[in-house]
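A quick write-up on the structure given underneath.
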Amino acid sequence: MSSHDSIGAVPPKMGFLERLSERFNPILVKEVRQALRGNYFRWTFWLTVSGGTVAAIGHIALAGADRSNGQQFFMLMFTCLAIAALGLVPFFAFIAMGNEWDENTYDLLCLSDLKPRHIIAGKVYSSGIQTLLYFSAFGPFLIFAFLLQGVDLGVVAFLLLLTLMLSVILSTLAVMLSTTTTKRFARMFFQAAIAAGLSIVISVLISIAGEMIRSPQTIYEPEFALGMTLVSSIVIWIAAFAFVQAIGRLAHPEENSSTPARTIALIGVPVAVAGMAATCLSAHGMFGSNRGDLATIFFMFAGSVLFMVSIGFAGEAERLGRRVRMTIPTKRWAAFLVTPMLPGGARGLAFFLMTSFLLAGSLTATRFIFGDRLSDLLDSSTLGMLVAIAYGFTYLTLPRPLFRVSKKVTPAARRMLIVVLFAGGVFLPAIITALLGGSPMGAFEHFGNPPWVLYEIMNSGFPSGAVETILGFVAIGILISARAIWRSYSEVMHFSAVARDRARATSSGVTANVDATE
Amino acid sequence: MSAILEVRGISRSFGELKAVDEVSFSIEAGSIVGFIGPNGAGKTTTMRICATLDLPDDGDVFVNGHSVIEDARTARRAMGFMPDSYGAYSNTTVSEYLDFYARAYGLRGRQRQSTVAEVIDFTALTASVGKEMGSLSKGMRQRLCLAKTMLHDPELFILDEPAAGLDPRARVELRELLKALTEAGKGVLISSHILTELSEMCDAVVVIEDGKIRAHGTVDDIVQGIVQHISIFVRTLGEAVATERKILEVPGVLGTRQIRGGVVVDFERGDEGIAHLLKVLVESGMKPVEFATERMDLEDVFMSVTEGIVQ
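Chains A and B, in that order, are what the protein sequence lines are. Its first residue numbered 1, the first sequence is counted upward by one per residue in the working numbering. Its first residue numbered 519, the second sequence is counted upward by one per residue in the working numbering.
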């Protein structure tokens, strides 16, 4: 066994499928083999297809073949397909990832050459293949529904594309959720939540499909295309973020799993800006309608998402891992620029500030571009964004003194502290006011509740005392975090200098004795 | 010979519990090192750190010169790890399992097929290639895992309790497999509770307890380190009491005790002294019929260096 080159056995000739499988992800090959050999896929596949066939035959026998029956028949088949592609496939993607922990096979898997991204991609590809198998099984029925008439081909194509995309995205989210815990009990809880969530998605999609089949002209309207593009962008962004999160959770603790997630979060900025620009164009009359309010909603949504993902970044351990230190650029300016993208809680705050100011800057730029008609709206939006940034920064920063209480405050606990403090900031004054006999609705009208403050700013300007309070919050936030942010930059610059020294020593031919781990 | 595994002062805590406390040792290519200690001593944690599956709080481990912290991927390529417990993929045959891992290790085409065939042959799994993993006996599954560990031709094997649950024949076969590996120049770190078995196959042992290394080296070296005297069993044709009295007059005797009709003599180290003791017995007409050095085996070493501390 000294080398695999010295082999006596002559391997058999490889078949076509075997040669084809060489090009695929090993996880995909394994999962497909398991699925084809196992009972689950065979049973669910044949049960779903048989159910669809019986329903189709029954329907035709009872109702005949007229125009409205084409629609009914399509909906019947589409419901079966949606249950399979959006219910069974993502649910079992969750199970398949969880099996790696339950069956105690994950350790051996991650010792191989497969990187976490291969493992996650393999699971998602496998779900995609299963979805395609369902599509191929239901394809003839759907064509038959079209032949029965009453069904628009464009709608059929759109719904199938949407179902395929949703299936892959939901499978990615399911796999990501499965990587969040190795505890069987927690995963049982997730299973129930996923089953409920998928049921809702299936119901909504079937309702949308029904509506589209009845009114097929909807999908040919420009605003529908715009809306779908925006929604697709958001959903694809969420799936991409889920994908890198899942990879990060499988990665070695010394690996840099934060930068890919931050990069995807940063990509969200141009997506949001593009969405904003598109809605502004729409509002400006390009599509003959006014949807300027969508721009604000889009930005507020982007800001909220940014705050949520920043909770994850702000909760990270402060010190750079040993492996991350070795990847820091040698050039000072490059190291300075990449600092917000590197792991670390304080660098997470820097990331939040950088990204949210990019968003706010884009909003202000939009105001200049689309000028007069949207100026009032965007004036308040810009202010709203700045206030939202202030609140976001405050709530991300305030729990930081608690992080230092004990080494036991893990990243997960830090994130939980931020969430608890945010919830406390919104709900506690309201609860106290309600207990003291205040009005239930009025109880939420306080400066700890950003949605209320933002609503007021958008509609009637700053409430009395809001500016002072918000500036006070920001001042406290700066006091708490300025030193940590400074240190986080210093750490990166230090290791950049170490990398420079090492590079110099190497280029001058001197044996480097620079310790990057100091 | 060069160190294929070098553990440098690693520590690992789980909350208040210090599972591994500044553990250091090394393994050279072509040698088998036994890793022994009571339950909860820190063996599995140390092995998982060596296998890049866990991270030390302090210290580092180098596999073939590659740090498991800074260069885990290369370290993994040089090492094969067999955990104490691992699962089986459902609906997967032995050949499919090995084929999957061969793909996962980047082997392609004919090379993958021939490598799988070779490890199947080496681990004598030929009769089981078509069987599903779930139907394999414990011994066959251990072989399968070892076969999987060999696929990428690592320089170092880290085997956590590979003999647990195996019947005597399977144990002997496993021992033969490991011998074959070391003859091919591989290094092996193996943990086991079956000390007699380890003593037969290991070139050295590392004894760990309470997260700390208690002893490290060959069994003889450890004995020399922990025992400052040697014990000699003497039985003569005469009375044991008289024999004992005579022995106590010999210089270098540290103590005696009567056992099995003879006398166990605790004696200062040194062959000259032992020869002199024998000479005295013969010259004094004691007529010795048994005169044997009592050697400590691995179990004695283990009992001597550990204190029965369980974390």
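Even glycine gets a Cβ: it sits at the ideal position worked out from N, Cα and C.
Sheet register partners of residue i (DSSP bridge)
i	result
D576 of chain B	B:S529
A722 of chain B	B:V551
M600 of chain B	B:L677
E727 of chain B	B:K730
Rounded Cβ spacing between residue i and residue j (contact assumed at less than 8 Å)
i	j	result
V551 of chain B	A702 of chain B	No, V551 of chain B and A702 of chain B are not in contact; Cβ-Cβ is about 16 Å, not under 8 Å.
G555 of chain B	V725 of chain B	6 Å
D602 of chain B	E679 of chain B	4 Å
F74 of chain A	I208 of chain A	F74 of chain A to I208 of chain A, Cβ: 13 Å. No contact.
L306 of chain A	A265 of chain A	7 Å
M651 of chain B	T610 of chain B	5 Å
F553 of chain B	I708 of chain B	7 Å
V819 of chain B	V706 of chain B	Their Cβ separation, rounded to whole angstroms, is 19 Å, which puts V819 of chain B and V706 of chain B out of contact at 8 Å.
I457 of chain A	V387 of chain A	6 Å
V783 of chain B	V752 of chain B	6 Å
T754 of chain B	L766 of chain B	Their Cβ separation, rounded to whole angstroms, is 14 Å, which puts T754 of chain B and L766 of chain B out of contact at 8 Å.
F94 of chain A	S178 of chain A	5 Å
I528 of chain B	V612 of chain B	Not really, about 35 Å apart at Cβ, beyond 8 Å.
M97 of chain A	R332 of chain A	M97 of chain A to R332 of chain A, Cβ: 42 Å. No contact.
Limits of the alpha helix (DSSP H) - the one that residue i falls within
i	result
H794 of chain B	D789 to E801
K730 of chain B	No alpha helix (DSSP H) contains K730 of chain B, which is instead part of the beta strand (DSSP E) from K730 to G735.
K536 of chain B	K536 of chain B -> not in any alpha helix (DSSP H); beta strand (DSSP E) instead, spanning L535 to E546.
I206 of chain A	R184 to R214
S126 of chain A	P116 to L147
Y106 of chain A	Y106 to C110
Y489 of chain A	A466 to S507
D617 of chain B	V612 to A622
Y455 of chain A	P450 to S460
M416 of chain A	P411 to L435
R23 of chain A	Per DSSP, R23 of chain A belongs to no alpha helix (DSSP H) and is neither H nor E.
A682 of chain B	Unbroken run through A682 of chain B: none, as it is neither H nor E.
Q217 of chain A	Per DSSP, Q217 of chain A belongs to no alpha helix (DSSP H) and is neither H nor E.
T667 of chain B	K656 to M668
Three-state class that DSSP yields for residue i in the structure shown
i	result
V706 of chain B	strand
H711 of chain B	coil
V586 of chain B	coil
I676 of chain B	strand
A698 of chain B	helix
G8 of chain A	A caution first: G8 of chain A carries a pLDDT of 43, below 50, which makes its placement in the model unreliable, though a value can still be read off. Correct three-state label for G8 of chain A: coil.
L523 of chain B	strand
V647 of chain B	coil
F287 of chain A	Because the pLDDT at F287 of chain A is just 46, under 50, the model does not fix this residue reliably, and the point stays unresolved.
V29 of chain A	helix
D815 of chain B	coil
V151 of chain A	coil
V581 of chain B	strand
R626 of chain B	coil
S362 of chain A	helix
V768 of chain B	coil
H59 of chain A	helix
G321 of chain A	coil
E255 of chain A	coil
K331 of chain A	coil
P90 of chain A	helix
Terminal residues of the beta strand (DSSP E) in which residue i lies
i	result
V405 of chain A	Segment: none, V405 of chain A is in no beta strand (DSSP E) and carries neither H nor E.
R775 of chain B	V771 to I777
P806 of chain B	P806 to E812
I785 of chain B	The sequence shown places Phe at residue 785 of chain B, rather than the Ile named in the question. F785 of chain B -> beta strand (DSSP E) spans G780 to E786.
I748 of chain B	H747 to T754
Residue i: CB within 6 Å of a non-hydrogen atom of the ligand NAD
i	result
A277 of chain A	With respect to the ligand NAD, the structure shown offers nothing to examine, as it has no ligands at all.
- What residues in the segment 603–622 of chain B bring their beta carbon closer than 8 Å to a beta carbon of chain A? S603, Y604, G605, A606, Y607, S608, N609, T610, E614, F618, Y619, R621 and A622
- Positions along the segment 20–36 of chain A whose CB lies within less than 7 Å of some CB in chain B: E22, P26, V29, K30, R33 and Q34
- Query: Can you list, in chain order, the residues of the segment 321–348 of chain A whose Cβ is nearer than 8 Å to any Cβ on chain B?
  - Reply: R322, R323 and M326
- Query: What residues from the segment 542–573 of chain B come within 9 Å of chain A, judged by C-beta to C-beta, listed N to C?
  - Reply: R566, A569, T570, L571, D572 and L573
- Item | Short-range partners of chain A found in the segment 678–703 of chain B, where Cβ spacing is below 8 Å | A698, L699, A702 and G703
- Task: Would you list, in chain order, the members of the segment 248–269 of chain A that have their beta-carbon closer than 9 Å to a beta-carbon of chain B?
- Result: H252, P253, E254 and E255
- Could you run through the segment 652–677 of chain B and flag, in chain order, every residue whose CB is less than 9 Å away from some CB of chain A? C663, K666, T667, M668, L669, H670 and D671
- If contact means a Cβ-Cβ distance below 7 Å, which residues of the segment 74–104 of chain A contact chain B? E103 and N104
- Output, in sequence order along the chain, the residues in the segment 624–644 of chain B whose CB is closer than 9 Å to any CB in chain A. G624, L625, R626, G627, R628, Q629, R630, Q631, S632, T633, V634, A635, E636, V637, I638, D639 and F640
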